[in-house]
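*Asks:* Numbering (the numbering used here), first residue to last: 9 to 390.
#1: To the nearest angstrom, how far is the alpha carbon of residue 40 from that of residue 324?
#2: Output the distance between the C-alpha atoms of residue 275 and residue 332, rounded to the nearest integer angstrom.
#3: Pick from 210, 208, 245 and 361: whose alpha carbon is nearest that of residue 225?
#4: Based on the DSSP secondary-structure assignment, which residues constitute the bridge partners of residue 165?
#5: For residue 126, write down the residues that DSSP places opposite it in a beta bridge.
#6: State the Cα-Cα distance for the pair residue 191 and residue 99, rounded to the nearest angstrom.
#7: Are the region 67 to 85 and the region 150 to 166 touching, with three or more C-beta to C-beta distances below 8 Å?
#8: I'd like the span of the beta strand (DSSP E) that includes residue 220, first residue to last.
#9: As a quick exercise: from 211, 213, 31 and 253, pick the residue whose alpha carbon is nearest that of residue 282.
#10: According to DSSP, what are the bridge partners of residue 131?
#11: Taking all protein chains shown into account, do 16 or more other C-beta atoms lie within 10 angstroms of the C-beta of residue 250, making it buried, or fewer, making it exposed?
#12: Counting along the chain, where does the alpha helix (DSSP H) carrying residue 418 start and finish?
#13: Throw me the rounded Cβ distance for the residue 160 and residue 179 pair, which I believe falls under 8 Å.
#14: Just verifying my parser: in three-state terms, what is the DSSP assignment at residue 33?
#15: Just how far apart, CA to CA, sit residue 345 and residue 328?
#16: Look at residue 111 and residue 128 and say whether their C-beta atoms are less than 8 Å apart.
#17: Starting from residue 75, follow the beta strand (DSSP E) in both directions and report where the run begins and ends.
#18: Spatial neighbours of residue 81 within its chain, please: C-beta separation below 7 Å, excluding the five flanking residues on both sides.
#19: Could you tell me if residue 184 is buried or exposed, where buried requires 16 or more neighbouring beta carbons within 10 angstroms of its beta carbon?
#20: Could you check if residue 96 is buried or exposed, using at least 16 other CB atoms within 10 Å of its CB as the buried criterion?
#21: For a test of the three-state rule: what should DSSP assign to residue 206, helix, strand or coil?
#22: Do you know offhand how far residue 9's Cα is from residue 21's?
#23: For the beta strand (DSSP E) containing residue 190, name the first residue and the last one.
#24: Between which two residues does the beta strand (DSSP E) containing residue 241 stretch?
#25: Within this structure, are the beta carbons of residue 130 and residue 175 separated by less than 8 Å?
#26: Whole angstroms is fine: what's the gap from residue 18's alpha carbon to residue 319's?
#27: For the alpha helix (DSSP H) holding residue 98, just list the boundary residues, first then last.
#28: Got a sec? Which residues, its chain only, sit under 6 Å from residue 347 by beta carbon, not counting five neighbours each side?
#29: Reducing DSSP to helix, strand and coil, say where residue 264 ends up.
#30: Return helix, strand or coil for residue 157, following the three-state DSSP convention.
#31: If I measure Cβ to Cβ from residue 218 and keep anything under 7 Å in the same chain, skipping five residues before and after, which residues do I get?
#32: Does the region 262 to 275 come within contact of the region 367 to 379, defined as at least 3 CB pairs closer than 8 Å?
#33: Let me confirm a value: residue 228 is counted as buried when at least 16 other C-beta atoms fall within 10 Å, else exposed. Which label applies?
#34: Would you call residue 37 buried or exposed, if buried means 16 or more other Cβ atoms sit within 10 Å of its Cβ?
#35: As a quick exercise: from 93, 124, 59 and 365, pick the residue whose alpha carbon is nearest that of residue 205.
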């Protein structure tokens with residue numbers, strides 16, 4: 009038992025002595041993974057930041073939004089209107105009401121301030137944006153959608169097929185303004201203006217998702233459903249752009265993997281060369297320890313642990329100095345004309361890949377040492 013304590017102690021004592029005598033050796037083992045780590049981090053972190061920024065811009069430009077429109081003429085309006093009520097409940101149940109929004113636009117318009125003709129929108133009780141009073145005795149609320157701040161909270165007189173009505177002014181919901189390109193409109197309960205809907209209407213369905221898989225699934229399901237119903241619809245989505253983005257992301261993942269693999273290979277070759285030189289330098293001592301009965305696995309594990317500690321110090325330096333160094337370099341880059349953003353954090357997954365690549369590199373660096381240790385101690389000591 010005492011021998012198993014003394015051998016590692018002696019090995020580490022010899023290692024520390026060697027580090028003091030030849031500081032270039034441990035310094036190189038720290039510096040190489042540090043430089044390779046910075047190279048990998050710059051590429052991986054900036055790739056991740058570019059992808060994140062691209063997705064943010066795509067979300068701002070509604071690329072994850074699907075717009076479905078169906079023109080319903082007067083001769084089929086009664087049947088399709090009833091089906092559309094059922095379909096609204098169906099889609100809301102499958103994709104949640106905050107994801108799916110549906111309004112119907114009659115082919116007639118409302119008049120505001122006598123001369124201004126504005127669209128008329130019909131909504132059902134399930135619409136979150138147009139909540140009605142909870143009192144069943146109160147009359148249904150008609151909304152005038154306008155972003156004019158001077159009118160907010162007031163009531164305006166409108167005309168619906170020559171009949172006067174009072175509408176409460178409220179801002180235009182963002183999804184109506186953005187997806188339907190409507191700046192002013194009258195929104196009323198569907199049951200209140202159903203006679204107008206029976207003359208024909210346009211059924212608008214807007215779905216806002218967060219991922220390409222959701223968009224693709226919804227488009228496929230909607231297309232199949234309406235094809236089975238033998239109804240003509242128009243689907244507008246950014247699915248083609250999203251598929252191209254996914255292909256780019258897949259290629260980017262391959263490139264990132266190759267970069268990390270390349271850094272790991274360079275690390276393995278460099279550490280292997282340095283470790284082999286150190287082994288040749290200490291070969292007499294190692295052979296002497298083997299002749300005293302020290303197992304080869306103990307000697308090999310000590311060398312592996314030595315290299316692993318030094319490599320991990322390099323990765324530690326990268327992890328904790330990346331953001332400060334980026335902060336120092338940022339103003340300098342702006343001075344010479346490069347636009348810079350805040351230092352992107354190292355993604356946890358990418359950092360783990362770098363760590364795994366480093367461990368693999370250290371393991372591969374031990375291969376020539378393992379082959380050398382197998383040499384009989386007598387051939388070295390003679």
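All residues carry an ideal CB built from backbone N, CA and C; glycine is no exception.
Bear in mind the structure is a predicted one, so any value in this text is a computation, not a measurement.
*Replies:* According to the structure data:
#1: 13 Å
#2: 25 Å
#3: 245
#4: 174
#5: 118
#6: 27 Å
#7: no
#8: No beta strand (DSSP E) contains residue 220, which is instead part of the alpha helix (DSSP H) from 220 to 236.
#9: 31
#10: 197
#11: buried
#12: Given a span of 9 to 390 for the chain in the structure shown, any question on residue 418 remains unanswerable.
#13: 7 Å
#14: helix
#15: Note that residue 345 scores a pLDDT of 49, beneath 50, so its modelled location is shaky; the value from the coordinates is reported in the next line. Looking at the two C-alpha atoms, the distance is approximately 27 Å.
#16: no
#17: 73 to 80
#18: 208
#19: buried
#20: buried
#21: coil
#22: Only weak support exists for where residue 9 lies, its pLDDT of 49 falling under 50; the coordinates are left without a value.
#23: Segment: none, residue 190 is in no beta strand (DSSP E) and carries neither H nor E.
#24: Run containing residue 241: none; DSSP gives neither H nor E here.
#25: no
#26: 22 Å
#27: 85 to 103
#28: Because residue 347 carries a pLDDT of 48, less than 50, the predicted location of this residue cannot be relied on, and the following value inherits that uncertainty. Result list for residue 347: empty, nothing under 6 Å.
#29: helix
#30: coil
#31: 72
#32: yes
#33: exposed
#34: buried
#35: 93
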